[in-house]
Each structure stands twice: as C-alpha cells, then as structure tokens.
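Positions -17 to -1, 1 to 236 (mature numbering (1 follows the signal peptide of the UniProt record, and there is no 0)) are the ones given, in order, by the sequence shown.
Positions of the beta carbon are idealized from the N, C-alpha and C atoms, including for glycine.
Just so it is clear, the structure is predicted and the values come from calculations on it, not from any experiment.
Have a look at the structure below, then the notes.
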Amino acid sequence: MKSVVALALLSLVCVEGWLFSDDAEWNDLKVTWGINQLFSSTVFDSLPRTEQAARDAGWVDFSRGSSCDGEFYRGSRYIRDNDPAVMLLFDHNGYIAGIQMGARTAELPPNVPSPKIPFDMWNFDGDMLVITAYFIDPATVCTGRSDALFTLEGTGVGLYLQTGLNPETDYQEIPRDETDISATAWTKGGCFYTMGQHYWYDTSANMDCDEFFPVFLLYNSGRLNGFGWNINADLNSPRYEHPPADALAVSGL
C-alpha cells in the first residue's frame, strides 16, 4: 500500500497537518487536507522528497545562509512561491528530513503565538516565527541517509516535534501506535471524516486558551497517520484551510 503524508488545516486557527499511512514505509508526502480531492489542485498536493526534485519543481533554497546544522534547525531548507506555510527540510544527501511552517511576524496579532504555550515550539527566524517537525532523528540529518536507506524507509521513520532551540535534544517523539499515547499528556478528541482520530495536547474543558498547544495528532486504525499545526491567526496562504466552527466541535474541541 502506498503511504501518504498530507497537510490538514482547521478554522479559527490556521493548522497544517500531515497524514501518514499505516504502512511500515511512508512513500509519499502530501499537503493540504480537503474533502474535494477531485476538484481542487491544492488538496493532497504531493511534495518533492529529494532536493533535486524540489529544484525541478520550482522550490528554491531558503536556508538564509545557514549551514545544515543551523542555529535552530537541521537540514537544507526550501520554499516555493515565497510562501512559508510549507517549507521542506532535506538532509545532507538531499533526502527529505522534515517540514516547517513559518508565520511572518508582521501578519500576526499581538501575543500570537501565546507565551503561555507549553515548550518553546516557535523559533524566531528574521521576519518569521517557525515551527518544525522531522521525519527522521534530527541528530542524523546532517549525516544524511543513503539511497538504500531512503528506499527502505521512504519519507521517514517517525514524527519528531521540535520543542526548543536545539533540535537534537529538544524534541518530542510521537508514538506510532495509538495504544502508547495513553501514557502521555495527549488528550483524545473526536474523529473527523477523512482525517482520523484527533489528539490534542493536555487539553481540558476549563483550560486557559492561551496555553493551547500548537500541534494536533491523527490516528487511524490505531496507527499515527497525521499531525497538524495550529496558530490563532488568519494567515493568508492556499496551504491553509479554514473550516467552520462545527468542524472543530467534531474534532473534539
């Protein structure tokens, strides 16, 4: 079965999410969740998984002078159409290693992202705030995968959410199996059609909304098959989706 990674975005907040199949290998990388896959060119848009394929598809280097082991992320960063909503990270040998979302500070309301958010999920990068996830161990990005290993593993082997300035030490590895999530602070939400079983980090009915964690997880058939970013701002990008409030209720918020 072909595996998928896809971007999903929710309303009220801008959310990016990636869907994975329950296969052992992840053989694709797709972004932008949506219902009407047949009638929209932006829904489940397949992204390049090698640096050369990215260049061929019009992506350009956006490392801003940083080396592979930059100040707060690992890898060579690429962007398309100057849209930071989706930025790709490639390892030393040019294979996909991770993904970022950037939000330009000039477009953000005051106190967004909230300073009360658990962990230091957002890092300053010039005129942007950036949030990062990896599909391989961040410590291996600047060594790089071989062609044989990329063929074996596909897009990656796990989901590593960066939670601080040092990507090699400041990260949270997400359980692949839903049975293992109960031992964590992730809270079970609702199940949304075409997305899956949602999990939100350490949520409760009376929690302070300023402490809302900027990531959600998705599981299908007991396996991790997605995740997303959220930020309390109305950002302008075709990568983002803004569903109605009732969709958030279905997802468990």
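Proximal residues to residue i (C-beta, below 8 Å), its chain only, five neighbours per side dropped
i      : result
Asp160 : Gly205, Arg206, Leu207
Asp103 : Thr146, Gly147, Leu148, Asp153
Ser187 : Thr170
Trp42  : Pro31, Tyr61, Ile62, Arg63, Leu71
Lys99  : Asp191, Asp193, Glu194
Met111 : Pro67, Gly85, Ala86, Arg87, Thr88
Thr126 : Asp74, His75
Continuous beta strand (DSSP E) stretch holding residue i: start and end
i      : result
Arg87  : 79 to 87
Leu71  : 66 to 73
Arg206 : 206 to 212
Ile62  : 59 to 63
Tyr223 : It is not in any beta strand (DSSP E) - Tyr223 carries neither H nor E in the DSSP assignment.
Gly179 : 179 to 184
Which residues DSSP lists as bridging residue i, in chain order
i      : result
Glu156 : Tyr143
Phe107 : Leu112
Asp28  : Val14
Asp44  : Tyr61
Asp52  : Arg57
Counted within 10 angstroms of its Cβ, other Cβ atoms place residue i as buried (16 or more) or exposed
i           : result
Arg87       : exposed
Arg57       : buried
residue 237 : Since the displayed the chain opens at -17 and closes at 236, residue 237 lies outside it and no answer follows.
Phe107      : exposed
Cys192      : exposed
Leu176      : Rather than Leu, the amino acid found at residue 176 in this sequence is Tyr. Exposed.
Glu34       : buried
Ala37       : buried
Leu218      : buried
Leu144      : buried
Delimiting residues of the alpha helix (DSSP H) encompassing residue i
i      : result
Thr170 : Segment 169 to 175 is the beta strand (DSSP E) holding Thr170; no alpha helix (DSSP H) there.
Arg38  : 34 to 39
Phe199 : Element bounds for Phe199: not the alpha helix (DSSP H) but the beta strand (DSSP E), 198 to 203.
Thr123 : Element bounds for Thr123: n/a, residue is neither H nor E.
Glu136 : 130 to 136
Neighbourhood of residue i by C-beta, 6 Å cutoff - its chain only, sequence neighbours within 5 removed
i      : result
Ser220 : Asp66, Ala68
Pro150 : Tyr56, Arg57, Pro121
Phe133 : Tyr78
Val113 : Gln83, Gly85, Asn106
Asn203 : Gly179
Proximity below 8 Å, CB of residue i to CB of residue j
i      : j      : result
Ser59  : Asp44  : yes
Ile157 : Leu200 : yes
Gly179 : Phe118 : no
Thr138 : Asp28  : no
Asp163 : Pro101 : no
Arg128 : Asp52  : no
Gly141 : Arg47  : no
Residues near residue i by beta carbon distance below 7 Å, same chain, minus five either side
i      : result
Ala168 : Tyr184, Asp185
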